[in-house]
Amino acid sequence: MTEDADPSIAADPSTVTDPSIAADLSTVADLLADEHVQRILAATSVEPKSKTELAADCDASLQTVSRRIEDLAAADLVREETRARRDGHHDAVYVASLDSFEVRLRDGVLETDVTRMERDTTDELQRLWSKF
Amino acid sequence: MPPLLPYQVVELLTLVLATGSAVVGLFIAMLALRGVLRDRSRKMLFLSAGMILLFGAAYFTALVGAALVRFDVITLLQQNYVILVVRTLQFTGLLAIAYSLVIGE
Numbered sequence: 073m074t075e076d077a078d079p080s081i082a083a084d085p086s087t088v089t090d091p092s093i094a095a096d097l098s099t100v101a102d103l104l105a106d107e108h109v110q111r112i113l114a115a116t117s118v119e120p121k122s123k124t125e126l127a128a129d130c131d132a133s134l135q136t137v138s139r140r141i142e143d144l145a146a147a148d149l150v151r152e153e154t155r156a157r158r159d160g161h162h163d164a165v166y167v168a169s170l171d172s173f174e175v176r177l178r179d180g181v182l183e184t185d186v187t188r189m190e191r192d193t194t195d196e197l198q199r200l201w202s203k204f
Numbered sequence: 003m004p005p006l007l008p009y010q011v012v013e014l015l016t017l018v019l020a021t022g023s024a025v026v027g028l029f030i031a032m033l034a035l036r037g038v039l040r041d042r043s044r045k046m047l048f049l050s051a052g053m054i055l056l057f058g059a060a061y062f063t064a065l066v067g068a069a070l071v072r073f074d075v076i077t078l079l080q081q082n083y084v085i086l087v088v089r090t091l092q093f094t095g096l097l098a099i100a101y102s103l104v105i106g107e
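Keeping their order, the protein sequence lines are chains S and Z. Just so we're aligned, residue 73 is where the first sequence starts under this note's numbering, counting upward by one. Just so we're aligned, residue 3 is where the second sequence starts under this note's numbering, counting upward by one.
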């Protein structure tokens with residue numbers, strides 16, 4: 073048995089290039105390279121924004137914003153929430169969930185790490201309480 | 003007329019529900035406290051203070067008062083002082099929660 077095939081080494085996550093991590097790298101890097109995506113992430117990291125608001129903020133068409141939001145949501149970099157309007161209806165708004173994206177080159181292995189911000193119960197309580 | 007439920011059951015149910023209220027109330031207070039530590043939120047500060055007064059301090063005082071009466075440390079008439087303290091704690095707690103609703107972050 074060669075050293076490369078040693079299962080104890082393969083089981084160590086730090087020495088394995090996980091295909092899902094590799095997918096994350098190209099997906100996230102591709103998305104982040106887009107100027108509209110950068111603006112959308114920046115805007116939605118401060119406060120929840122609707123597609124219409126984002127189109128105005130990012131100086132882009134509604135169609136462009138919709139497409140980018142779809143891609144970002146698929147990569148789990150933004151999440152959809154609902155915002156109540158005064159007339160009783162709800163708007164879909166988007167919040168950035170990306171916290172950081174790290175790429176490291178260690179011992180011949182490209183490691184990537186996408187950290188996402190999880191919304192917890194304390195955030196929900198604060199959001200709910202501030203609505204009153 | 004026989005009681006609807008045996009008095010011991012009623013007593014136990016009351017204690018369980020009161021403890022349940024304290025636990026849930028203090029859980030919400032803890033969530034609000036996390037908001038205070040994380041974001042220095044004034045709204046969460048007054049909400050947590052109110053919840054602690056309502057469900058922690060008031061509940062604990064009432065429990066101690068009931069125990070003191072039960073073990074004949076204080077009389078039923080003297081228990082009125084304990085009840086006054088409990089009502090004051092509850093009122094102050096509610097004022098804190100109401101204040102947390104009207105102030106900004």
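Heads up, the beta-carbon is just placed ideally off N, CA and C, and yes, glycines get one too.
Coil, strand or helix - residue i by DSSP
i: residue 108 of chain S; result: helix
i: residue 75 of chain Z; result: coil
i: residue 58 of chain Z; result: helix
i: residue 180 of chain S; result: coil
i: residue 204 of chain S; result: coil
i: residue 67 of chain Z; result: helix
i: residue 196 of chain S; result: helix
i: residue 94 of chain Z; result: helix
i: residue 105 of chain Z; result: coil
i: residue 34 of chain Z; result: helix
i: residue 142 of chain S; result: helix
i: residue 128 of chain S; result: helix
i: residue 147 of chain S; result: coil
i: residue 10 of chain Z; result: helix
i: residue 159 of chain S; result: coil
i: residue 133 of chain S; result: coil
i: residue 43 of chain Z; result: coil
Residues bridged to residue i [DSSP beta-bridge criterion]
i: residue 121 of chain S; result: S/166
i: residue 132 of chain Z; result: Nothing about residue 132 of chain Z can be read from this structure; chain Z reaches only from 3 to 107.
i: residue 185 of chain S; result: S/174
i: residue 154 of chain S; result: S/164
8 angstroms Cβ cutoff, residue i in contact with chain Z
i: residue 124 of chain S; result: no
i: residue 135 of chain S; result: no
i: residue 177 of chain S; result: no
i: residue 193 of chain S; result: yes
i: residue 202 of chain S; result: yes
i: residue 198 of chain S; result: yes
Spatial neighbours of residue i in its chain, beta-carbon cut-off 8 angstroms, leaving aside the 5 residues before and after
i: residue 154 of chain S; result: 162, 163, 164, 165
i: residue 5 of chain Z; result: 12
6 angstroms CB neighbourhood of residue i in its chain, flanking five on each side removed
i: residue 52 of chain Z; result: 95, 98, 99
i: residue 178 of chain S; result: none
i: residue 58 of chain Z; result: 28
i: residue 60 of chain Z; result: 88, 91, 92
i: residue 48 of chain Z; result: 98, 101, 102
Sub-8 angstroms separation of residue i and residue j beta-carbons
i: residue 134 of chain S; j: residue 103 of chain S; result: no
i: residue 168 of chain S; j: residue 98 of chain S; result: no
i: residue 15 of chain Z; j: residue 204 of chain S; result: no
i: residue 115 of chain S; j: residue 131 of chain S; result: no
i: residue 50 of chain Z; j: residue 24 of chain Z; result: no
i: residue 197 of chain S; j: residue 33 of chain Z; result: yes
i: residue 173 of chain S; j: residue 109 of chain S; result: no
Contacting residues, own chain, Cβ-Cβ under 7 angstroms from residue i (five flanking each side not counted)
i: residue 123 of chain S; result: 134, 137, 138, 141
i: residue 156 of chain S; result: 162
i: residue 171 of chain S; result: 187, 188, 189
i: residue 20 of chain Z; result: 61
i: residue 86 of chain Z; result: none
i: residue 96 of chain S; result: 184, 186
i: residue 127 of chain S; result: 133, 134, 137
i: residue 76 of chain S; result: Annotation note: pLDDT 43 at residue 76 of chain S (below 50); position unreliable, coordinate value reported separately. Excluding sequence neighbours, residue 76 of chain S sits near nothing in its chain.
Cβ of residue i within 8 angstroms of any chain S Cβ
i: residue 43 of chain Z; result: yes
i: residue 46 of chain Z; result: yes
i: residue 40 of chain Z; result: yes
i: residue 28 of chain Z; result: no
i: residue 34 of chain Z; result: yes
i: residue 37 of chain Z; result: yes
i: residue 103 of chain Z; result: yes
i: residue 49 of chain Z; result: yes
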